[in-house]
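**Student:**
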Amino acid sequence: MRRRRTLVIGLALALVATLLVVTMYTTLMGERPIETIQTKVIEILREPEKYYNRVVLIEGKFMGWYVPKNLTGPPILTPPVTRSDWVIADDTGWIYVSATSPARCSLKPFSREDVGAKIIVKAVVKLREIETKEGTVKVPYLYALECIVLKT
Numbered sequence: 012m013r014r015r016r017t018l019v020i021g022l023a024l025a026l027v028a029t030l031l032v033v034t035m036y037t038t039l040m041g042e043r044p045i046e047t048i049q050t051k052v053i054e055i056l057r058e059p060e061k062y063y064n065r066v067v068l069i070e071g072k073f074m075g076w077y078v079p080k081n082l083t084g085p086p087i088l089t090p091p092v093t094r095s096d097w098v099i100a101d102d103t104g105w106i107y108v109s110a111t112s113p114a115r116c117s118l119k120p121f122s123r124e125d126v127g128a129k130i131i132v133k134a135v136v137k138l139r140e141i142e143t144k145e146g147t148v149k150v151p152y153l154y155a156l157e158c159i160v161l162k163t
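Counting from 1, position 73 in the sequence shown corresponds to residue 84 in the working numbering; the numbering is continuous, with no gaps.
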């Protein structure tokens, strides 16, 4: 009898802990992402609201703190979250990845040697409203959940 009660209490605590984690995740993300979408950077730049709070998979190159001059990017060059935000670029465009993201790529954003490394980033698309002389601009960026450096 005592064993059974201990088991029931243990299962109840596990269930409560699971619900707490799910609730915290949902609260932090604003809304719960449902699926991971493999996409190109240009699609996020064209329709940021469509991708907002969605989990995306981007395959591209690590650009560190260097902004590609020949590719389309966000409406402003300023990093949206911190000065340490870094850039990922694919063949369609570039976008910032928040340096406050939990994922780390093991690459140095200031190192020219790391620039161009092939990476895959799984991230939540976020939007930041930034005031400019022309008015308020919505700037999409990535909050990285995972970052994988591909061997070349």
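Beta carbons are placed, not taken as given, at the ideal position from N, Cα and C, and that holds for glycine. All of these numbers come straight from a predicted model, not from anything done at the bench.
#1: Quick one: what does DSSP say E140 is sitting in, helix, strand or coil?
#2: Given that a residue counts as buried once 16 or more other Cβ atoms are within 10 Å of its Cβ, and exposed if not, what is F73?
#3: Can the beta-carbon of V132 be found closer than 7 Å to that of P151?
#4: Taking all protein chains shown into account, decide if D96 is buried (16 or more other Cβ within 10 angstroms of its Cβ) or exposed.
#5: Does the separation of the CB atoms of Y154 and S122 fall below 7 Å?
#6: Who does G75 pair with in a DSSP beta bridge?
#7: Where I159 and G75 are concerned, what is the direct C-alpha to C-alpha distance, given to the nearest angstrom?
#8: Between which two residues does the alpha helix (DSSP H) holding K61 run?
#9: Residues in the same chain with beta-carbon distance under 6 Å from E70, minus the five sequence neighbours each way, listed in chain order, please.
#10: Using a threshold of 7 Å, state whether the C-beta atoms of A114 and T93 are closer than that.
#11: Identify, in the order they occur along the chain, each residue of the same chain with its Cβ nearer than 7 Å to the Cβ of V126, setting aside the five sequence neighbours on each side.
#12: Got a sec, what are the start and stop residues for the beta strand (DSSP E) P151 sits in?
**Tutor:** According to the data block:
#1: Of the three classes helix, strand and coil, the one that applies to E140 here is strand, per DSSP.
#2: buried
#3: No.
#4: buried
#5: Not a contact, by the Cβ cut-off of 7 Å.
#6: V98
#7: Computed Cα separation, rounded: 15 Å.
#8: P59 to Y62
#9: I131
#10: no
#11: F73, M74, G75 and Y77
#12: G146 to V160
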